[in-house]
Each structure stands twice: as structure tokens, then as C-alpha cells.
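Working notes for the structure below.
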Amino acid sequence: MKLKNIIKSVILLTTLLLLSSCLNEWLTVNPKTEMTRDNLFKSEDGFKDALTGVYIQLKSKDGYGERLTMTTLEYLVSSWDVATNTTEQRLTQFMYTDQGVEKVMNSIFSHQYKVISSINSILEEIDEKKDLFKTEGLFELIKGECLGLRAFLHFDILRLFGPVPELANSDLILPYVKTLSREPIMHLSYNDYLSEILRDIQEASELLEVCDPIIDYSLIELRNPGPNKAFNPSDTYFAVRHLRMNYYAIKSLWARVSLWSGNLNDAYLQSKSIIEAQDSDGSLKFKLGTSADMSNSNYSLPFEHIFALHEFSLLNRYNDLFAAGLLKKGSSDATVRTQLYGNTGTDIREVYLWELITQQNQSKTYIIKKYMVPEGVPLFSNDFRHISLIRVSELYLIAIESAPTIAEAQIYWDKYRLSRNIPVIPLPSDRVALLDEIIKEYRREFFAEGQAFYNYKRVNTPKNKVLWAPTSSNVILNYVVPLPKTELINASK
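295 is the number of the first residue of the sequence shown in the numbering used here; add one for each residue after it.
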């Protein structure tokens, strides 16, 4: 689909049945009807409805609900067993010209820009209608989230469809879409595209710094708002900030982008500021998970989440994709335990996160339990039906890679390894060896979260160092997913 048609298709926004007085209603809201932009943006509630619609779009199958976390991006790094002559097998072989693979990648590309268009619909109205906002900080909150989400989505488009960073040149690569238009959007060079991302990040950071309650309240307090509570907002739209593009999510994105672009100083400063962020009692705001979390069946380590999506039907997704054996790795624990974790016997991910199940045909299947959540509706404060998009463990890895000295990197490395219950070892002083260790951790840490492919690509990892890469000599490792054919035609105009 041409980008201009994607934009045209979302001029009408979905209005949502939103937020009476219960936060659970905010999280489980469903589309109600459609109305024109003019009718939608007549009140604070209209802007809130529109932004909630954006978050619902984010967790669709073509977005972060599956393809950009659990399935497509994980097939690109052979995380799952595949049947022969399937689209999934061709994804593992980087056969981007295959019709099935093209369809999958086009759906991702189209979806991302559809969500961006929804965001731009809000941004094109919000400044002009600032006087509608009577709730203190709400204007800054909504605009800051929109700018942050626009940068977040564009960055993932770059990470998937853009060049390997070290091979980037002055060629025009992708459109950075900031307006609603029926006309083709001009493509930008790699550096100009990154500059647009950072511009949105900077503005979002400045807006959220003055209004986001996540800075002053703990995650637990933000989960439990109300009268006689530490956090008692005039509007519960300010609650559950870890499920929104919050101030620290913006800073985390800043660290990601800086690392991707080779700006190690900014990557270190941003990651360090998040790792060291404290609540009013002096405790860390974002804590690394431990074996206690895993033994309590909190397999996604929810207290590490800086930015996540709430998925009411997450257990259904787990049952359909994992418990049913669709997404599996091996028929015994040997492949994962030995090749992925090194058979430590203590690593909490190795010990708790995987399970050998017997399918209806009596075959054995090894599956990951990261998205397994309890049945029934839990208390809101303990509702961890989340799809993580940014965890604090990633900020530790960024800090380790970008630290100005090995001694500083070692501090974060020690804390990270101790949290995973694996022995502390000295970091290699050689830069190549250091990157090898870090990339291995991305592979272990973010399994089924869609991050391994991006990090292999970021450092242009050779095929012989990509775990489970196809061994066939005719399979050529290719980190650059081609743009949809219609977009290539559009770019040439």
C-alpha cells in the first residue's frame, strides 16, 4: 500500500468507550463508533480517546502484539522451529522476495505508518486547541506521548527497513511522516531521518519532564491511585505510567537511538540516568528482576518494565502461540539450555523461563513461558498482562557497552549478572570481545521480545556468530528488509 493511501485511510479516527472511574476500563476499552476529526477533537476527552486508540493499535497482530515481538522478528533470528516450505522457514532464510514474506513485511510497514498517521491526527489539532485543556499538565502529557510514540515507531521502521548503521550513506532511505497528506512523503537520508527522531525525542522529553507523575511517584503508587493514597490525581489518565510512553521511556528511547547511531556518550548518560532514577524513599525506580520474581510466576519480570502494553487477552495469545506448540524450540531442553544459556544450572532464565510440554500427538515441545499469566482477572495492582517494549535490563546492557571505562562498565555488568544468578566474570577489555558478550546477552534476555535481530544488525554480526543461523551455504544473512515495492516506486518520484 502506498504511504499516501495509508495516511488517507486513517483520517477518520476510532472513538473509544473510555475511562469512567475504573482503570481496568481504561485498559480494556473497545472501539465504539467512528466520528470525524472535527467532532472528536472538541474536548479533553476526545484527545484522550484518540490517544487511547493509538495504544490499542500498537498491540495489534501486525504491530507489537505479535509480529514485532513474538513472531516475525524472532523468525528472522531462528528463535522458533519451522516446517519446510513455509513462510516462516523463508523468513529464517531471509528470502525477502518470497510472496509470503513480502506480504508479512508489507503488513508491518503499513501498520507502523497507519499508527503514525493516527498520532499525527492528534498532533495536527492539539496546539490549535490547547485552550480546551483545563486539567493541569494534560496538554503536555498527551503531546509529549504522541511525539515520543512517533519517534518510537519511526525508529523501529529504521531498525527493520533501514541500512546497517556502519554501512549507511547519503542515499534517501525512508519517509519521516509528520503531517497528514494525500501526497507522497519525501524520503530522507539516514542522518536526516535520525535527526528527526531525536528532534521528536527532545521535545517529548521537555514536555513530559514538567508533567509526568512517574518522576515523583513510584510504580506501585501509580498502580494504586485514589483518595487517601500517595497518588491521587484529578484524572486517572495520569496513572499506570509504565503502560504509556512516559518520561523514562522517552529517555530509554534516546539511549537506544544514541547507541544505534554510535553516540556512546549520550547512550551512557541517558541509560545511567534511568538506572539510577530513585523514588522518594531512595530506592531504585526500576529494579532488575531476580529469581524471586520468576518463582512467583512473574516470568516477564514486570517490575523491570519501563514501557509496556497491557493486553487483556494475553493468556489467550500464550495458549494459541506457545502452549499449543506453534512457537517452540527443540524437542528437549538441550538446545536452549546448552546453546543459549551455556547450561549454567543457575541462570534464572534457564531455570524458570522454559518448559517441556507434551502435545496432543504425544510429541515433546520446548516452549517459553514469558507470556504465561494467571487465569482470571487479577487485582489491578497485580495485573501483569503486559507485552514489554522496554525493560531496565536493556539499559544496563546499553550502559555496559557505552561506558567510558571498563571499570564503570564492570559495575553494571556485575549487577546485571547477579540479578540473573550467574557468576560475575571480568569484562573483556577488547572491544570486539566485549560486543560479543553483550550481543549474546541480548539474545538470552529478550527472547520472544523482538530485540535480538535489531542488535545483530546494529553491530553487523557475521553469520557464524548468529546463534541458530541457517547453516546452508546458499542462505545469505541479510539484515536489510526491502521496502514494499509500491514505496520504492513512490521514493523514486
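The C-beta atom is built at its ideal place from N, Cα and C for all residues, glycine as well.
Put simply, of 412, 470, 454 and 474 the residue whose alpha carbon is nearest the alpha carbon of residue 480 is 470. Residue 335 has its alpha-carbon roughly 16 Å from the corresponding atom of residue 434. Between residue 716 and residue 706, the CB-CB gap reaches or exceeds 8 Å. Across the structure, residue 427 and residue 510 are spaced so that their CA atoms are roughly 22 Å apart. Around the CB of residue 732, 16 or more other CB atoms lie within 10 Å, so the residue is classed as buried. Here the alpha carbons of residue 563 and residue 546 stand approximately 10 Å from one another. The way I'd put it, the region 474 to 490 doesn't touch the region 574 to 587; fewer than three beta-carbon pairs between them come closer than 8 Å. Excluding five sequence positions before and after residue 507, the CB atoms of its chain that fall closer than 6 Å to its own CB belong to 532, given in chain order.
Secondary structure at residue 682: strand, using DSSP grouped into helix, strand and coil.
Inclusion of residue 341 and residue 775 in the CB contact set at 8 Å is not warranted, their separation being larger than that value. Bridge partners of residue 483 according to DSSP: 466. Partner residues in the beta bridge of residue 602, as assigned by DSSP, are 682.
Taking a cut-off of 8 Å on C-beta distances, the region 533 to 544 touches the region 492 to 505, as three or more cross pairs fall below it. C-alpha of residue 772 to C-alpha of residue 388: approximately 6 Å in a straight line. Its chain contains 754 as the residues whose beta carbon lies nearer than 8 Å to that of residue 461, once the 5 sequence neighbours on both sides are disregarded; these appear in chain order. Taking each of 523, 444, 628 and 458 in turn and checking the Cα distance to residue 490, the smallest one comes out for 444. Non-local C-beta neighbours of residue 418 in its own chain, meaning closer than 8 Å and more than five positions away in sequence, comprise 473 and 474, ordered along the chain. Between the alpha carbons of residue 598 and residue 369 lies a gap of roughly 25 Å. Judged by DSSP secondary structure, residue 349 falls within the alpha helix (DSSP H) whose first and last residues are 338 to 352.
Separation of residue 767 and residue 605 (C-alpha to C-alpha, rounded to the nearest whole angstrom) is 41 Å. A Cβ-Cβ separation of about 6 Å places residue 352 in contact with residue 409 under the 8 Å criterion. Given a length threshold of 4 residues, each whole run of the alpha helix (DSSP H) inside the region 691 to 755 is given here in chain order: 700 to 713, 725 to 739 and 746 to 752. Straight across, the Cα-Cα distance linking residue 634 with residue 488 is about 33 Å.
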